[in-house]
Structure formats: C-alpha cells, structure tokens
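The structure appears right after this line, and notes come after that.
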Amino acid sequence: VKQPSKSTVKGKAWREFSKFIRLRDALKTTGTLTHVKCITCGKLLEVSFCDAGHFVSRRYNATLFDERNVNTQCRYCNRFLDGNLLEYRRQLIKLYGEGIDTELEDKATEIYKLTIGDLTNLEKEFKMKVERLLSEHNL
C-alpha cells in the first residue's frame, strides 16, 4: 500500500486545524457555531464563508499550526488585503497581550521540520478538539 505524501497529510491536518479555528472563533465572537466575526474587520459572516487566516505567513512551519497565529478572517481581508496585517497585529495584541506579535514573528524564524507522523498527530489532535467543541454544544 502506497503511503500518502507529506503534502496530502499536511492538507488533512490543515483542514482539521482550520475547522477548529473557525469553530473556536465562532463560539468566542458570536456564541454560535454558524456565524463568526472577522478578526480584522469585525464583519459578521457564516463560518463556511471564512478563512483561517495567518498573522505570520503559513510558509513557516514553526507557526503554521500555532493557534495564536491563526484566526478567522473574511476572505476579503485574508486574500485581497493580504491578511490586513496592521489591523491583525492590533487585534492579536488585544487578544493575547503586548508582545505576541513579535513572539510569533521570532518563532517563525526557527527551523522546524514537520514529519508525516507529526502531521498525522496534528490532524488527530484537531479532529478531537473539533469533536469536543461540537459535543460541548450538543451538536
């Protein structure tokens, strides 16, 4: 049996992580699992029409799956405003405190290899977190 490629496993881990981020933020910003506010512009949207947007680019493995680095964004802010990073920085500091922005930026420069095993574990971890959120809210 052919082993899945690293990019396939990374994609599966990302899907679970993204789902978790959007559900976490929906509960935090609206108290529902269906609607969420964009971290950068505050627009209220359906969860399924949002992105899990990175403050520090997703090309850095060290911060790729860091829950503090990824928050729900409307597609306009994430894709067309390239993350709307000035406002993203302001909102991150409000959420996590002074210095979080530079902490994440510094962390991103660390050499961090993700193995297929690491990615498989991340997929399982975030799948469990999604299931926990849903069960806590009787869904």
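Residues -4 to 134 (this note's numbering) are what the sequence shown spells out, left to right. By construction, the Cβ of each residue, glycine as well, lies at the ideal position given by its N, Cα and C atoms.
Range covered by the alpha helix (DSSP H) that runs through Thr24: 1 to 25
Using alpha carbons as the reference points, say which of Leu114, His132, Lys14, Glu82 lies closest to Glu41. Lys14
With distances taken between CB atoms, is the gap from Ala21 to Val31 smaller than 8 Å? yes
Using a Cβ-Cβ cut-off of 8 Å (strictly less than) and excluding sequence neighbours within five positions of Leu80, which residues of its own chain qualify? Phe50
Can you give me the Cβ contacts of Arg157 inside the same chain, cut-off strictly under 8 Å, excluding the 5 residues immediately before and after it? Residue coverage of the chain in this structure runs from -4 to 134, which leaves residue 157 outside it and unanswerable.
When you compare only the Cα positions, how much space is there between Ser135 and Glu126? Outside the shown range of the chain, which is -4 to 134, sits residue 135, and nothing can be said about it.
Member of Asn73, Trp9, Gln(-2) whose CA lies at the smallest distance from the CA of Asn116: Trp9
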